[in-house]
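Taking the UniProt record's numbering, I'd label the letters of the sequence shown as residues 4 to 604.
Following: one structure in structure tokens, then a few remarks.
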Amino acid sequence: PLFSSTDTSGKGEALPFEKMCQCFEALTMANVNRFQKEGMMMKLWTQYGKGVHDIFPLMRLTLPHLDTERPNYKLKHKNLARKYVDLLSLPDSSDDAQKMLNWKKPSAGFTRNEQGNFPEVVYSVIKGRCTVTKGHITVGEVNALLDELAQAQNLEAKERVLMKMHTTTTAQEQRWLLRIILKDMHIGMKEDSILTMLHADAKELYNSVCDLHQTCIKCADPSYRLDQISVELFKPFKPRLAHKADYRTVHKEMYKKGDYVAEYKLDGERYGEALAPVLAECLSPELRECILDGEMMVWNQATGDYAPFGENRSLAGDYKRDLQRDGYQPCYIVFDVVWLNGKGLASLPMRERRELLRPYVRWKAHSMQLSEQVVVEPHPQGKPPSEDHTIEIMNWLDRAMAKGYEGVMLKSLNAPYVPGSRDTDWQKLKPDYVHDMGDDLELLILAGYYGEGVTRNDGISTFLCGVRAPSSERAKLGVPPDMPLFYPFAKVGSGYTHEALVDLRSQLKSAERPWHKSARPLHLCGWIPNKTDDEPHVWYEPTLSKVMQVAAYEIVKGDAFMPAGLTLRFPRLARLRDDKGWADVERFEELQRRVAEGKSK
Ligand code: ATP
């Protein structure tokens with residue numbers, strides 16, 4: 004044990020709760036650095052007697068959001084506010100009652116600290132009213148009270164427990180009790196650092212068992228080592244996550260680890276129940292048990308794409324029925340397996356895990372598939388990694404974007420499945436991690452495309468943008484000298500939130516005109532869509548349209564957008580320029596100059 008003592012009075016569950024609150028107060032003070040925080044927490048643990056006592060009773064009050072042993076309190080801010088007004092016998096119309104009931108509404112009556120901070124608001128109301136000024140309740144008693152609160156069957160019973168808390172604790176203690184009940188502590192220390200302080204393997208253990216009590220018990224023994232990653236059936240664990248890749252160095256970094264693969268990062272659906280028939284059909288009878296990691300997708304039979312089916316629609320009615328009626332098919336794309344017929348596989352290298360699963364599934368295109376993986380630069384040549392393969396990774400990203408996926412995952416074939424880990428064995432690359440173009444471009448929004456998913460179905464979601472055309476076009480087209488002309492050359496479909504998109508759509512409403520293939524607008528200088536899905540749905544009157552500041556990876560030559568002969572790789576909105584109009588946007592000549600001077604990157 005790290006700490007031992009024969010005197011156990013005031014330790015363990017007998018530790019005064021006030022000591023814990025004082026420690027938390029100190030942790031939240033400004034100007035306390037990480038080391039000081041760790042020191043304070045360690046001091047609290049010493050007072051408690053870590054090693055002598057099971058530290059779970061203290062931990063569940065420190066990290067209440069990880070405590071699954073106590074049932075849900077079923078008490079949110081609103082109920083708590085109501086109960087406090089009642090137990091303090093405040094008239095609803097009183098300032099203090101209004102303050103608690105409307106704790107979220109911005110109002111001049113709140114101090115900066117209180118604004119939107121419920122426990123702080125309650126504290127301000129009760130601090131002058133509390134009869135208890137010196138805390139005497141222990142950690143054990145707090146846990147017993149919280150058990151009682153969680154078990155109370157109705158609001159009246161809960162109010163009785165809250166009343167007991169109110170009459171036995173100080174105002175400061177109640178502020179912390181409220182934070183514990185709301186599972187929102189704000190103690191200025193992350194769960195990962197607290198677990199790591201407990202034991203070097205505590206974080207990994209917690210991620211693979213999602214059980215705080217078990218983690219505390221095992222980690223009480225400093226000689227404990229997590230040698231096997233212990234994923235079990237019917238025990239939740241955190242899925243493995245991906246590190247954000249730096250596209251310039253990721254190839255070198257991954258190559259060092261041995262063979263590694265690229266695969267698409269898919270953006271799946273949440274409605275797993277639609278998969279039941281697929282699993283019944285595809286899992287072989289020899290497969291008794293398994294834990295798979297994968298993404299549920301929806302296959303659009305008509306377009307042959309994995310299309311976002313959309314959350315709104317599935318919530319409204321019978322998801323399975325809607326899927327079939329609309330020509331969609333649920334598909335499960337498996338990328339990993341961590342348990343198979345009684346055996347945990349998490350510690351094995353990924354290449355072995357996937358191979359073990361292969362014979363147990365009747366793989367069927369667009370129903371149940373193993374994710375497609377390609378080794379980026381196969382070993383062993385004993386050679387240093389080649390630069391070409393950085394380009395290869397960018398090509399993967401290009402293809403992922405063209406298919407409408409989120410990005411690319413790069414995974415070491417030797418990597419174990421470490422639950423909850425975000426280590427560099429799995430790395431993700433998304434277009435917004437890739438920005439190399441130097442200065443952003445200011446482009447005019449020329450036309451728009453309707454989105455595919457339901458979340459985007461309510462309007463235009465991708466924009467065709469362009470630069471001002473050279474003046475020589477004017478003579479060619481025989482248009483008046485004051486008519487603004489443009490070269491479309493990039494489609495921008497990311498870089499904005501849904502709210503920003505809704506806002507932009509409304510700003511563009513007055514400029515919007517329907518697009519007719521037979522009469523494409525003259526001011527686009529004869530631009531003809533290269534592919535059918537490049538044909539816009541609407542165009543925007545240039546004088547009323549908006550200017551976008553666009554970031555991208557590079558400007559490249561190509562015939563996808565003629566007559567510009569250039570386009571952008573991985574373009575996205577950096578910001579809208581409300582301060583600019585069509586006359587301020589980049590000229591084509593400037594683009595050409597950047598390409599010629601090699602400043603296109
Ligand atoms: P975000 O997805 O927004 O980047 P995140 O941090 O929650 O955030 P990541 O670490 O990026 O998650 O990636 C893990 C998620 O990606 C998991 O939810 C997983 O289901 C999903 N995912 C999609 N495609 C793959 C894939 N090919 N391999 C592994 N995970 C994938």
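The beta-carbon is built from N, C-alpha and C at its ideal position, and this holds for glycine as well.
May I ask which residues mark the beginning and end of the alpha helix (DSSP H) holding residue i?
i, result
"residue 2", "Outside the displayed span of the chain (4 to 604) sits residue 2, for which this structure offers no information."
"Tyr-543", "Premise fails: Tyr-543 lies in the beta strand (DSSP E), 541-543, not in any alpha helix (DSSP H)."
"Arg-597", "591-599"
"Cys-26", "20-30"
"Gln-101", "98-104"
"Pro-484", "Careful: Pro-484 lies outside any alpha helix (DSSP H) and carries neither H nor E."
"Tyr-258", "253-259"
"Leu-83", "80-90"
"Leu-511", "501-511"
How far does the beta strand (DSSP E) with residue i in it extend, from its first residue to its last?
i, result
"Ala-577", "575-580"
"Arg-516", "515-517"
"Ala-265", "263-268"
Per DSSP, residue i is paired with what?
i, result
"Gly-297", "Val-337"
"Val-495", "Phe-466"
"Phe-489", "Arg-471"
"residue 1", "In this structure the chain extends from 4 to 604, so residue 1 is not present and cannot be described."
"Leu-286", "Val-364"
"Lys-53", "His-56"
"Lys-247", "Lys-431"
"Thr-141", "Pro-19"
Round the Cβ separation of residue i and residue j to the nearest angstrom and send it over; I've been treating them as touching at under 8 Å.
i, j, result
"Ser-388", "Tyr-258", "One point to set straight first is that residue 388 is Pro, not Ser, in the sequence displayed. The pair is a contact, with the Cβ atoms about 4 Å apart (cut-off 8 Å)."
"Leu-579", "Leu-507", "7 Å"
"Tyr-499", "Leu-576", "5 Å"
"Phe-20", "Thr-141", "6 Å"
"Pro-74", "Gln-154", "7 Å"
"Cys-468", "Leu-449", "6 Å"
"Gly-138", "Glu-176", "5 Å"
"Val-281", "Pro-242", "Not quite, the Cβ-Cβ distance comes to about 20 Å (not below 8 Å), so this is no contact."
"Ser-211", "Pro-422", "4 Å"
"Leu-511", "Tyr-543", "6 Å"
"Cys-285", "Val-364", "6 Å"
"Lys-431", "Lys-247", "6 Å"
"Ala-203", "Thr-218", "Contact flag wrong, Cβ pair sits at about 13 Å."
"Asp-391", "Ala-223", "No, Asp-391 and Ala-223 are not in contact; Cβ-Cβ is about 52 Å, not under 8 Å."
"Val-145", "Tyr-87", "Not confirmed; about 18 Å, so no contact."
"Met-43", "Cys-26", "6 Å"
Is any beta-carbon of chain B found at less than 7 Å from that of residue i?
i, result
"Arg-243", "This model lacks chain B altogether; it includes just one protein chain."
List in chain order: all unbroken alpha helix (DSSP H) runs of 4+ residues lying wholly within the UniProt domain "ATP-dependent DNA ligase family profile" (326-472).
-> 353-360, 391-405 and 457-460
Those runs of the alpha helix (DSSP H) which lie wholly inside the stretch 151-232 and span at least 4 residues = 158-171, 174-185, 194-201, 205-212 and 215-222
Using 8 Å as the Cβ pair cut-off and three pairs as the minimum, do the stretch 252-272 and the stretch 402-418 touch?
-> yes
Tell me, please, whether the stretch 528-541 touches the stretch 563-574 by the rule of three or more beta-carbon pairs shorter than 8 Å.
-> yes
Could you give the uninterrupted runs of the beta strand (DSSP E) lying entirely in the stretch 549-577, keeping only those of 3 residues or more?
-> 550-554, 557-560 and 569-572
Given 8 Å as the limit, is there contact between the stretch 146-153 and the stretch 61-76, that is, 3 or more CB pairs closer than that?
-> yes
Spell out a yes or no on whether the stretch 339-346 and the stretch 289-308 are touching, meaning 3 or more CB-CB pairs, one atom from each, closer than 8 Å.
-> yes
For the 8 Å Cβ check, are there 3 or more pairs between the stretch 238-257 and the stretch 77-86?
-> no
At least 3 beta-carbon pairs within less than 8 Å: the stretch 586-603 vs the stretch 437-445 | yes
Do three or more CB pairs link the stretch 129-139 to the stretch 39-54 at distances below 8 Å?
-> no
Is the stretch 180-195 touching the stretch 91-109 in the sense that three or more CB pairs, one from each, lie closer than 8 Å?
-> no
At least three beta-carbon pairs within less than 8 Å, the stretch 344-357 to the stretch 223-232 = yes
Touching or not, the stretch 509-523 and the stretch 420-432, by the rule of three or more beta carbon pairs under 8 Å?
-> no
May I ask you to verify whether the stretch 467-486 touches the stretch 585-592, counting CB pairs closer than 8 Å and requiring at least 3?
-> yes
Any chance the stretch 32-49 sits against the stretch 187-194, with 3 or more Cβ pairs inside 8 Å?
-> yes
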